[in-house]
Amino acid sequence: MKEAFSSPDAPAPLGAYSSVIKSGNWVFLSGVGPEDPVTHAVKGNTIEEQTRYTLENLLAQLKVVGASTDHVVKVNVYLKDLSDFKRFNEVYASYFSDPKPARTTVGCDLINGIMIEIDAIALLE
267 MKEAFSSPDA PAPLGAYSSV IKSGNWVFLS GVGPEDPVTH AVKGNTIEEQ TRYTLENLLA
327 QLKVVGASTD HVVKVNVYLK DLSDFKRFNE VYASYFSDPK PARTTVGCDL INGIMIEIDA
387 IALLE
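Residue numbers for the sequence shown follow my numbering, beginning at 267 and rising by one.
Next up, the structure:
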């Protein structure tokens with residue numbers, strides 16, 4: 267059985283998908299970027315700023331199911347420019363305690379001035 271959730275503090279989906287799906291103790295978070303939750307305008311002009319806004323949106327999605335970054339077990343990160351990796355990673359590291367989740371980071375085309383997108387899987391115990 268699965269149940270969909272959406273946080274008023276994170277951008278709502280603009281397509282045919284759910285922001286958050288909970289199935290048993292597993293939580294699947296769709297990709298989120300540095301968008302304003304109301305206007306969907308891209309926030310931040312640097313990779314550091316966009317990483318913070320993106321992670322704050324991710325936190326809002328986690329909170330809607332009673333989770334935090336401590337519950338995250340896997341993260342996928344999509345960077346528009348892989349040369350931003352070091353600066354992104356410094357901000358990212360400040361949001362997760364040890365042991366940090368497993369992570370894959372890839373470069374890809376992103377639209378509308380977005381430099382980063384993150385999706386995640388969490389386990390509630």
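A virtual CB, placed ideally from N, CA and C, is assigned to each residue, including glycine.
TODO: Pull up the distance between the alpha-carbon of D375 and that of D275, whole angstroms please.
DONE: By 1-based counting over the sequence shown, the position of residue 375 is 109. By 1-based counting over the sequence shown, the position of residue 275 is 9. Rounded to whole angstroms, D375 to D275 spans 26 Å at the Cα level.
- [ ] With DSSP as the reference, label D385 as helix, strand or coil.
- [x] Here residue 385 is taken as the residue at index 119 of the sequence shown, counted from 1. Strand.
TODO: Return the CA-CA distance between E314 and V357, expressed in angstroms with no decimal places.
DONE: On the sequence shown, residue 314 is found 48 positions in, with the first residue counted as 1. On the sequence shown, residue 357 is found 91 positions in, with the first residue counted as 1. Distance between the alpha carbons of E314 and V357: 6 Å.
Open item on the list: If the criterion is Cβ atoms closer than 7 Å, does the pair E301 and K288 meet it?
Closed with: As a working note, residue 301 is residue 35 in the sequence shown. As a working note, residue 288 is residue 22 in the sequence shown. Taking a C-beta distance under 7 Å as the contact criterion, E301 and K288 do not qualify as a contact pair.
Task: Residue interval of the alpha helix (DSSP H) (run including N323) - done: One-based indexing of the sequence shown puts residue 323 at position 57. Unbroken alpha helix (DSSP H) run through N323: I313 to K329.
Task: Same chain, Cβ closer than 8 Å to S334, five either side skipped, listed in chain order - done: Locating residue 334 in the sequence shown gives position 68, where the first residue counts as 1. Cβ neighbours of S334 beyond the five flanking positions: L325 and L328.
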